[in-house]
Amino acid sequence: MRKKNYFLLMLLMVFSLYSCKKDEQVKGDIPLFKVEKTETKIDYNGGTVQITTNKDGVQATAADSWIQAQVEGKVVQLVVSANDSYESRTTLVSLTYGQETQSVPITQMGVISIVDVQSYDFPMSGGRKGFLWQTDQKYEITGVDESWLTYEIKQDSIFFTAAPLGDSGDARSSKVNVKVGALYDKEVVFRQLGPAIRYSLIPGKYSLEYKKKSGAKEKVLKMDVSLEEKEKDKSFTLKGVGLDIEVLYIPERGIAIRSQIIDPSQLIVLSVWDGSNEKAFTAIISLVSDFSRDKDNAVFTMVSSGVTDPKWVDGAVAKGILISSILGGEKGAEKLVKSTRLVDMKFTKKPGI
């Protein structure tokens, strides 16, 4: 009986030892230290993020100097400095408790700023020009000539507005410096170009010089004409060549002449002419002026605009104007053809007029 009791006691002890060992193995598989909550992303402004653990007395170190770690109880405070770069950055924060260490990645976003301001030429009439402006960075815009140029920021755009130059205005420009945050610093130039000659200076009396061919010979002829205001800032009427001809005002060049119907009742037209096809007719502006000054008087030399009529021979350009009748048989039309075939025209304004 006693042997039997000893045997049972030994079995009980073995079972107890096995149970304890198994229990220790299970407990050993469960880590004593863990991260319960963490904030792993922060914007470029910097600030503070927290890591919460289940233990007091954790040691925390950051792999990079832009993060400083401070431990308060179970909470690790991470103080993050501002990121002035457009690129995001990531580092590791190591948390150690006893023999256990865990690494937590922390990512800070880069600056989000998209600004694209370019130099621009405004027309004489003024206007508005917009550029991309997606930023929350501090900015500084200097050099804006507020006498004619202003700007405003609306949503994702910045708009620059130029006032009209006016009839008496000269070319003007404004160097503008645009600085956004620490990374964008750019100088742009806004210009408003004046006309080659102001509209108000063109009307008056002119000497018109042109060429006339007679067989193989070529003569240079002159006649007195005038340019009179037709529609302010847009057009003039050329008088003195037998019929009234519309002349356009082109601020960048001076004047221009295009094909046009002069007298619908007589079917008389003015054709911009290439010197070969006298019946060519196009509504395209094909003669413009090269403007210069001769003894302080305006001089307009008419040249091809570079645009040709498809009916013209290859390489042909506008040489002059030809006044003719569409039918070619109206009374007086033949005289007009002979007297108003004007090639290589040059208008010289008369002194004091």
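Residue numbers -21 to -1, 1 to 332, in mature numbering (1 follows the signal peptide of the UniProt record, and there is no 0), belong to the letters of the sequence shown in order. From the three backbone atoms N, C-alpha and C, an ideal C-beta is built for every residue, glycine too. Computed from a prediction, not measured in an experiment: that's the story for all the values here.
{"Check": "From 28, 49 and 106, pick the residue whose C-alpha is nearest to that of residue 171; which is it?", "Outcome": "106"}
{"Check": "Between which two residues does the beta strand (DSSP E) containing residue 279 stretch?", "Outcome": "276 to 283"}
{"Check": "So, helix, strand or coil for residue 11, using DSSP?", "Outcome": "coil"}
{"Check": "Do the region 67 to 75 and the region 110 to 127 touch if we need at least three Cβ pairs shorter than 8 Å?", "Outcome": "no"}
{"Check": "Does the beta-carbon distance from residue 387 to residue 86 come in below 7 Å?", "Outcome": "Outside the modelled stretch of the chain, which goes from -21 to 332, sits residue 387, for which no answer is possible."}
{"Check": "Exposed or buried, which one is residue 288 when buried takes at least 16 other CB atoms within 10 Å?", "Outcome": "buried"}
{"Check": "For residue 93, count the other beta carbons within 10 Å of its own beta carbon; 16 or more makes it buried, fewer makes it exposed. Which is it?", "Outcome": "exposed"}
{"Check": "Please state if the CB of residue 203 and the CB of residue 183 are separated by a distance shorter than 7 Å.", "Outcome": "no"}
{"Check": "Please state if the CB of residue 215 and the CB of residue 279 are separated by a distance shorter than 7 Å.", "Outcome": "no"}
{"Check": "Check the DSSP bridge columns for residue 377 and list the partner residues they point to.", "Outcome": "Residue numbering for the chain in the displayed model covers -21 to 332; residue 377 lies beyond these limits and cannot be assessed."}
{"Check": "Does the region 125 to 138 come close enough to the region 48 to 68 that 3 or more CB-CB pairs lie under 8 Å?", "Outcome": "no"}
{"Check": "Between 213, 29, 330 and 51, which lies nearest to residue 84 when the distance is taken from Cα to Cα?", "Outcome": "29"}
{"Check": "Which one or two residues does DSSP pair with residue 141 in a beta bridge?", "Outcome": "106 and 128"}
{"Check": "Rounded to the nearest angstrom, what separates residue 120 and residue 33 at their Cα positions?", "Outcome": "52 Å"}
{"Check": "What residue from 151, 57 and 53 has the CA that sits closest to residue 125's CA?", "Outcome": "151"}
{"Check": "Using beta-carbon positions only, say whether residue 61 and residue 25 come within less than 7 Å of one another.", "Outcome": "yes"}
{"Check": "Could you have a look at residue 23 and say whether DSSP puts it in helix, strand or coil?", "Outcome": "coil"}
{"Check": "Within its chain, find whatever has a CB closer than 7 Å to the CB of residue 35; leave out the 5 residues flanking it on each side and keep chain order.", "Outcome": "52 and 53"}
{"Check": "Let me know the beta strand (DSSP E) ranges lying completely inside the region 183 to 224, each 3 residues or longer, listed in chain order.", "Outcome": "183 to 193, 196 to 210 and 214 to 218"}
{"Check": "Could you spell out the range, first to last residue, of the beta strand (DSSP E) harbouring residue 328?", "Outcome": "320 to 328"}
{"Check": "For residue 118, which of helix, strand or coil comes out of DSSP?", "Outcome": "strand"}
{"Check": "Kindly indicate the opening and closing residues of the beta strand (DSSP E) around residue 49.", "Outcome": "46 to 51"}
{"Check": "How should residue 196 be labelled, buried or exposed, when 16 other C-beta atoms within 10 angstroms of its C-beta is the threshold for buried?", "Outcome": "exposed"}
{"Check": "Quick check on DSSP: helix, strand or coil for residue 179?", "Outcome": "helix"}
{"Check": "Considering only their Cβ atoms, is the gap separating residue 179 from residue 143 smaller than 7 Å?", "Outcome": "no"}
{"Check": "Rounded to the nearest angstrom, how far is the Cβ of residue 149 from that of residue 173, given a contact under 8 Å?", "Outcome": "5 Å"}
{"Check": "With a 10 Å radius around its C-beta and 16 neighbouring C-beta atoms as the bar for buried, classify residue 272 as buried or exposed.", "Outcome": "exposed"}
{"Check": "Between the Cα of residue 226 and the Cα atoms of 266, 198 and 49, which residue gives the shortest distance?", "Outcome": "266"}
{"Check": "Compare the beta carbon distance of residue 11 and residue 37 with 7 Å and say whether it is the shorter of the two.", "Outcome": "no"}
{"Check": "DSSP has residue 160 in a bridge; who is on the other side?", "Outcome": "According to DSSP, residue 160 bridges with nothing at all."}
{"Check": "With DSSP run on the structure shown, which of helix, strand or coil describes residue 69?", "Outcome": "strand"}
{"Check": "If distances are taken between C-alpha atoms only, which option among 130, 298, 82 and 99 comes closest to residue 169?", "Outcome": "99"}
{"Check": "Between which two residues does the beta strand (DSSP E) containing residue 237 stretch?", "Outcome": "233 to 237"}
{"Check": "Once you ignore the five residues that flank residue 233 on each side, which residues in its own chain have a CB closer than 7 Å to its CB?", "Outcome": "175, 176, 268, 270 and 279"}
{"Check": "If you run the structure through DSSP and keep just helix, strand and coil, what is residue 299?", "Outcome": "strand"}
{"Check": "If you count every other CB in all the chains shown that lies within 10 Å of the CB of residue 199, and 16 or more means buried, which is it?", "Outcome": "exposed"}
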